[in-house]
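So the sequence shown is numbered by this note's numbering: it starts at 158 and just counts up by one.
In this text, a Cβ means the ideal position worked out from N, Cα and C, and glycines have one as well.
Below: one structure, written as structure tokens.
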Amino acid sequence: MKKMTLWGRDEHDDRLVLEVIRGKKTATCTPKVWYYDSPEEPPTEVGDYVAVYDQQGKHRCTILITENYEIRFGDVDERIAKAENTNSIEEFRKDHVVSWEDALRQEGNGLDDNTVIVVEHFELVEKL
158 MKKMTLWGRD
168 EHDDRLVLEV
178 IRGKKTATCT
188 PKVWYYDSPE
198 EPPTEVGDYV
208 AVYDQQGKHR
218 CTILITENYE
228 IRFGDVDERI
238 AKAENTNSIE
248 EFRKDHVVSW
258 EDALRQEGNG
268 LDDNTVIVVE
278 HFELVEKL
């Protein structure tokens, strides 16, 4: 089974994992430059079952990938924003700028409307 760790604002922030467990978060997004770079967390495909871990390394739930696609950051729509458990496209953008911009810049990448991200939609299969 593939593995996914959902990161928060610090090493103790498991808010995103809890949102998945509660059924409020049904998608996650990652900049493409990071998505294909993690040998510990290989890219998913539709139909994959994925073990979701918190930041302490505990397996918290299992999800089923239902969609997986690339999109420009500037093309994120209400469907993606809602699936990410944000109230609007603007909130989605703000949250992800805070989460990604500095790290991307430190690696020599930027974050703008043309930045390609990978969107994974999923269903909760099992809570642990």
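Since residue i contacts residue j with CB under 8 Å, what's their CB separation in whole angstroms?
i, j, result
"E291", "I246", "Look at the range of the chain in this structure, 158 to 285, and you will see that residue 291 is not part of it."
"L163", "T185", "7 Å"
"G231", "D270", "3 Å"
In terms of alpha-carbon separation, which member of the options lies closest to residue i?
i, options, result
"V190", "E227, V255, E280, F279", "E227"
"D170", "Q212, F249, V276, E241", "Q212"
"L268", "V254, K182, T162", "V254"
"K160", "Y206, T223, P188", "Y206"
"G180", "C186, W164, E241", "E241"
"V273", "E202, A208, V177, Y192", "Y192"
"Y210", "L173, D194, G231, N271", "L173"
"E224", "K251, T243, D252, T183", "T183"
"M158", "R250, L175, E202", "E202"
Can you name the start and end residues of the beta strand (DSSP E) that residue i belongs to?
i, result
"F230", "It is not in any beta strand (DSSP E) - F230 carries neither H nor E in the DSSP assignment."
"Q281", "Just to set this straight, residue 281 is Leu in the shown sequence, not Gln. Start and end: 273-284."
"V209", "206-210"
Three or more C-beta pairs below 8 Å linking the stretch 213-221 and the stretch 264-281
Touching, yes, given that three or more Cβ pairs across the two stretches are closer than 8 Å.
Contact between the stretch 193-200 and the stretch 251-264 is defined here as three or more beta-carbon pairs at a separation below 8 Å; is this criterion met?
no
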